[in-house]
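Working notes, structure below.
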Amino acid sequence: MKLSLTVSLTAVMAAVTAQHVPQCLADCILAQNICTRLDINCFCQNSDFYKTVKQCIGGDDGNTVGCSEEDQKTVLDLRKSICGLTRVELGKSPSV
């Protein structure tokens, strides 16, 4: 279990380091109250988190101006590199 967690965190840090994390994404993650800190499982599997951040980066939440189109693409690429293609993205209920 410890090895698995270490590998997961290492993979996340490598993905984040390899790509520029747009400030608008960081702001959207900090603004939501669903997932905490570096809870990667929550980031990748929680449909409420996914919807909230997606609305925020698109500027559809009524509170932010959102991310530029280029930054939105970067956010999607970053999410895919960290989470892969998830059930949430496919419109299915996340596994618990």
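Mapped onto mature numbering (1 follows the signal peptide of the UniProt record, and there is no 0), the consecutive letters of the sequence shown carry residue numbers -26 to -1, 1 to 70.
Note that CB positions come from ideal geometry on N, CA and C, so glycine has one too.
Where T10 falls: helix, strand or coil (DSSP) = In the three-state scheme derived from DSSP, where H, G and I count as helix and E and B as strand, T10 is classed as coil.
Measuring alpha carbon to alpha carbon, tell me which of T48, R11 and I3 ends up nearest residue 90.
-> Because the chain here runs from -26 to 70, residue 90 falls outside it and cannot be looked at.
Through-space distance from T10 to V(-6), alpha-carbon basis | V(-6) and T10: Cα-Cα distance of roughly 18 Å.
Note down the Cα distance separating L(-22) from D34, rounded to an integer number of angstroms.
-> Its pLDDT being 47, under 50, L(-22) is placed unreliably in this model, and the coordinates cannot settle the point.
Own chain partners of D45 with C-beta closer than 8 Å, once the 5 adjacent residues on each side are dropped = Only residues of its own chain outside the window of five on either side were considered, and among them P(-5), C(-3), L(-2) and I31 have a CB closer than 8 Å to the CB of D45, listed in chain order.
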